[in-house]
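Chains as they are written, first to last, in this note's numbering: chain B, 246 to 571; chain X, 6 to 311.
No residue lacks a Cβ here, since even glycine has one placed at the ideal position from N, Cα and C.
Take a look at the structure set out below.
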């Protein structure tokens, strides 16, 4: 057996660990377009679907592809982080940055290749159906989705590389991805209290910063701005994930959160969200009313409620439990 | 024997606990060095630091006269093999898959040797590792480690789950590896009987510190075990000559004493009119180890009811 070098071994290991997930990716992304000719009026249905796709979905409609992309990101290193495997992988001449880069490249590459396959497939379907949708529009929409998928995936990679439980890494990634949605919702709520006629533009502009929402309807200068935002988002999460994975204390991989700061961040996220739900519930129960004073009251209730929940969570420390405690 | 590996004042905190505090050891080339100690004394942490898995907070590691930093020296880690019961092989892989992986990672991996070891251990390479028993997994890890032809072989409780026949076989291989290939073998274990027969030198750890380090022969030479009747025990107790006491069969008591104190001790027995002590030349390593632990204040109530 000739020596191929540690990098080729990591490629091989990553492929063997993830191949099922990678092979499933194009099928998941093209899930609505598989076997389109089975129904009796398949051709008219296909034409309608192609037209609808080319027009794009509204931002708030959930897209399974985003959740799959995030899962793929989390699994990139999440499967390796399972107890013992990360130690067996790193107890040798393998560099951590190679492990991170190779696993991320494999899943990211599979995601891009899968979406490009979907693009080709839809263009072929469009041609068979007599071009009901403009191929340019189809490609445009699907590439915008790819950008959002990559943003969700990059966050998943960073979470999976630094949180040792796959399930909690996924929950945390979802929580962080939704951050612009919480901010948009809060702004909208406070605006509604302050002035009876809030601006919907600001709300929709803010929530579209989240990789959980689609960019289908966005065009022109706004699209360029969002593309820049997501490019920066992807780069930041990948670099942050790499830096933290490089410093990951292997003596703490038995803990769900080897980096203690993550525990606090999770508690903070939960308490801010729960505080908001509590505020709307109190508002509903006692009717805080409208106007500047009501808006300030609502914000105060939110801050106090969130603070109390954060303190309780931090004290209880339920999320500090070791993964393998039985 | 000149030291090829020196560990000096190594410290490592894990969370709020101090896993290593000023751990020190020296091991010669082609020697078997035992790392002994109570549970939680830092043996595993020490081996994982040497394998480059953990980054120490302080201290230095010297290999062949040069300072090394295993955690950021991949080329060093290619020279080291670690066998640890907690570090598991990926269970969804076949053993043959993992061999392919290991062969790509370790430049000196000897596939021919691995096949020979596996044949001798009767391990099925075409089975998924998840179907292996605990002992079979350990055997597979040991065979892989030996086939890597490492310069430093780190073994943490290597006989976990192995039957006595396989244990003997593995120890013979390890001795052969040290003698023939010049591999330095560090073994962290509680199996003092095996270490007494196999190890050249040892380090005893307690609470992350090295409390003794040196050639095992020196320790065995320094102390002897004697056996006396109750009147002899009383005479020796009065002089504080014995380091440990333990009840033997019948009415006899045995003690661990310093060899150079033997003439003085015999004179005491004679003066007290007691029967002379029966001297047992080879002190079992276990007694010496228990004495070291007791000196550190680590002892257990024998009847277990207190």
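So, for residue i: in the same chain, excluding its five sequence neighbours on each side, which residues have a beta-carbon less than 8 Å away from its beta-carbon?
i                      : result
residue 116 of chain X : 104, 108 and 152
residue 285 of chain X : 229, 230, 231, 232 and 259
residue 144 of chain X : 126, 128, 167, 171 and 175
residue 264 of chain X : 226, 227, 228 and 229
residue 324 of chain B : 262, 263, 330 and 411
residue 101 of chain X : 130 and 131
Leaving aside the five residues before and after residue i along the sequence, list all residues of the same chain whose C-beta is less than 7 Å from its C-beta, in chain order.
i                      : result
residue 296 of chain X : 248, 249 and 261
residue 184 of chain X : 35
residue 518 of chain B : 427
residue 42 of chain X  : 48, 209, 210 and 211
residue 528 of chain B : 543
residue 91 of chain X  : none
Taking DSSP's pairing of strands, which residues face residue i in a bridge?
i                      : result
residue 66 of chain X  : X:12 and X:73
residue 258 of chain X : X:233 and X:252
residue 22 of chain X  : X:19
residue 478 of chain B : In the DSSP output, where bridge partners are listed per residue, residue 478 of chain B has none listed.
residue 498 of chain B : Paired residues: none, contrary to the question.
residue 202 of chain X : Beta-bridge pairing links residue 202 of chain X to no other residue.
residue 218 of chain X : X:208
residue 285 of chain X : X:230
residue 263 of chain X : X:228
residue 30 of chain X  : X:12
residue 37 of chain X  : X:190
residue 42 of chain X  : X:210
residue 87 of chain X  : X:159
residue 99 of chain X  : X:133
Count the other CB atoms within 10 Å of the CB of residue i; is the residue buried (16 or more) or exposed (fewer)?
i                      : result
residue 467 of chain B : exposed
residue 187 of chain X : exposed
residue 276 of chain X : exposed
residue 312 of chain X : Absent from the model: residue 312 of chain X. The displayed extent of chain X is 6 to 311, so no value can be given.
residue 74 of chain X  : exposed
residue 560 of chain B : exposed
residue 173 of chain X : exposed
residue 201 of chain X : buried
residue 531 of chain B : exposed
residue 169 of chain X : exposed
residue 20 of chain X  : exposed
residue 392 of chain X : Outside the displayed span of chain X (6 to 311) sits residue 392 of chain X, for which this structure offers no information.
residue 268 of chain X : exposed
residue 611 of chain B : Look at the range of chain B in this structure, 246 to 571, and you will see that residue 611 of chain B is not part of it.
residue 299 of chain X : exposed
residue 252 of chain X : exposed
residue 291 of chain X : exposed
residue 342 of chain B : exposed
residue 76 of chain X  : buried
residue 177 of chain X : exposed
residue 46 of chain X  : buried
residue 567 of chain B : Low per-residue confidence applies at residue 567 of chain B: pLDDT is 48, beneath 50, and the placement is therefore not dependable enough to give any value.
residue 298 of chain B : buried
residue 360 of chain B : buried
Using a Cβ-Cβ cutoff of less than 6 Å, which residues in the same chain neighbour residue i once the five nearest sequence positions on both sides are dropped?
i                      : result
residue 487 of chain B : 345
residue 456 of chain B : 393, 396, 397 and 422
residue 479 of chain B : 395, 396 and 399
residue 343 of chain X : Not covered by the structure: residue 343 of chain X. The range shown for chain X is 6 to 311.
residue 403 of chain B : 482, 485 and 486
residue 146 of chain X : 88
residue 70 of chain X  : none
Exercise. Name, going along the chain, the residues of the segment 144 to 171 of chain X whose beta-carbon falls closer than 7 Å to a beta-carbon of chain B.
Key: Under the 7 Å Cβ criterion, the segment 144 to 171 of chain X contributes no residue.
Exercise. Would you mind listing the alpha helix (DSSP H) stretches within the segment 123 to 158 of chain X that are 4+ residues and don't spill past its ends, in chain order?
Key: Counting whole runs of 4 or more residues, the segment 123 to 158 of chain X contains the alpha helix (DSSP H) stretches 139 to 152.
Quiz item: Taking only runs of the alpha helix (DSSP H) that begin and end inside the segment 309 to 356 of chain B, which ones reach a length of at least 4 residues, in chain order?
Solution: Secondary structure in the segment 309 to 356 of chain B: the alpha helix (DSSP H) runs of 4 residues or longer, each lying completely within the stretch, are 309 to 323 and 330 to 335 in chain order.
Exercise. Compile a chain-ordered list of the residues in the segment 256 to 269 of chain B whose CB is closer than 8 Å to at least one CB of chain X.
Key: The segment 256 to 269 of chain B vs chain X, Cβ under 8 Å: 257, 258, 261 and 262.
Self-check item: chain X contacts from the segment 471 to 489 of chain B (Cβ-Cβ distance under 8 Å)
Solution: Residues passing the 8 Å Cβ filter: none.
Quiz prompt | Sequence ranges, alpha helix (DSSP H) only - wholly within the segment 358 to 431 of chain B, length at least 4 | solution = If we require 4 residues or more, the alpha helix (DSSP H) runs fully inside the segment 358 to 431 of chain B come out as 380 to 407 and 411 to 422.
Quiz prompt | Length at least 3, wholly inside the segment 156 to 181 of chain X: the beta strand (DSSP E) runs in chain order | solution = For the segment 156 to 181 of chain X, whole beta strand (DSSP E) runs of length 3 or above, ordered along the chain, are 157 to 161.
Quiz item: Relative to chain B, which residues along the segment 43 to 67 of chain X have a C-beta separation below 9 Å, given in chain order?
Solution: Here the close residues are 50, 53, 56, 57, 58, 59 and 60.
Practice problem: Output, in sequence order along the chain, the residues in the segment 72 to 83 of chain X whose CB is closer than 7 Å to any CB in chain B. | Solution: So the list reads 79, 80, 82 and 83, given in the order they occur along the chain.
Quiz item: Listed from N- to C-terminal order along the chain, which residues in the segment 334 to 358 of chain B have their beta-carbon within a distance smaller than 7 Å of any beta-carbon of chain X?
Solution: Going along the segment 334 to 358 of chain B in chain order, one finds 335, 336, 337, 338, 339 and 340 with a Cβ nearer than 7 Å to chain X.
Practice problem: Please list the residues of the segment 125 to 141 of chain X that have a C-beta atom closer than 8 Å to any C-beta atom in chain B, keeping them in chain order. | Solution: Hits within the stretch: zero.
Exercise. Mind checking the segment 422 to 449 of chain B against chain X and listing, in chain order, the residues whose C-beta falls within less than 8 Å of any C-beta there?
Key: Only those residues of the segment 422 to 449 of chain B whose C-beta falls short of 8 Å from the nearest C-beta of chain X would be listed, and there are none.
Quiz item: If contact means a Cβ-Cβ distance below 9 Å, which residues of the segment 279 to 306 of chain X contact chain B?
Solution: Of all residues in the segment 279 to 306 of chain X, none has a Cβ within less than 9 Å of some Cβ in chain B.
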